[in-house]
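Novice: Shown below is the structure under consideration.
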Amino acid sequence: MTTIIDFHNIVIHLIELLEALISIEKDKLESITSKNLDVLNNCIKNEQVLVLKLKGLDKKREQILSALGYDGLTYKEIISRLPAEEKEESSKLFATLQKTTDDFHAINDSVKVALDVNLHVINTTLSKLGQNPETQQIPSGNNLKNRFA
């Protein structure tokens, strides 16, 4: 039988994965600013592995929510429907998840800006050399949305 504890365990795993992604994003930012492409490529490979794990956890999260009858509800809506004795732990986990997600978005935004700046420098340099860059500068998009709030 699925319980709220199963959901809490998924949220804990999500937090851990986000923390690992934050670490990779920090390494990625450092590799971009130091122009170390080997480290950047390694970061991207590691990030891809974690994103696949994140997708798997998100599927499990959806299955658990469905089994609990909370299909389609946000975390805040779920907490509001829980018995009083389960609300405190769920609220703490939600606060941690929210902070970790915010931290991820902050570092991810920094990485996107650094990439966009470097791409602009490359395009400007190519233009000065009389070469047309084959690619257009396209701002990076969000890789991860917080669907838990």
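Going from the sequence shown to our numbering is simple: count from 1 and add 617.
All C-beta atoms in this analysis are idealised placements derived from N, C-alpha and C, irrespective of residue type, glycine included.
Are the CB atoms of PHE624 and ILE661 nearer to each other than 8 Å?
Specialist: no
Novice: Please confirm if the stretch 719-729 is in contact with the stretch 639-658, defined as three or more CB-CB distances below 8 Å between the two stretches.
Specialist: Per the Cβ contact rule, the stretch 719-729 is in contact with the stretch 639-658 (3 or more Cβ pairs under 8 Å).
Novice: Tell me the DSSP secondary structure of ARG764 in three-state form.
Specialist: For ARG764, the pLDDT reaches just 42, beneath the cut-off of 50, and the residue's location in the model is therefore unreliable, although a value from the coordinates is still provided. The answer is coil: DSSP assigns ARG764 none of H, G, I, E or B.
Novice: In angstroms with no decimal places, state the Cα-to-Cα distance between LEU761 and ILE695.
Specialist: For LEU761, the predicted structure reports a pLDDT of 49, less than 50, and the residue's modelled location is therefore unreliable. The matter cannot be settled from this model.
Novice: Does the stretch 705-717 come within contact of the stretch 626-633, defined as at least 3 CB pairs closer than 8 Å?
Specialist: Yes: at least three Cβ pairs fall under 8 Å.
Novice: Answer with buried or exposed for GLN748, where buried requires no fewer than 16 other C-beta atoms within 10 angstroms of its C-beta.
Specialist: When all chains shown are included, GLN748 counts as exposed.
Novice: Helix, strand or coil: how does DSSP classify THR742 here?
Specialist: helix
Novice: Grab the span of the alpha helix (DSSP H) containing GLY689 for me, first residue to last.
Specialist: Taken as a continuous stretch (DSSP letters only), GLY689 belongs to no alpha helix (DSSP H), as it is neither H nor E.
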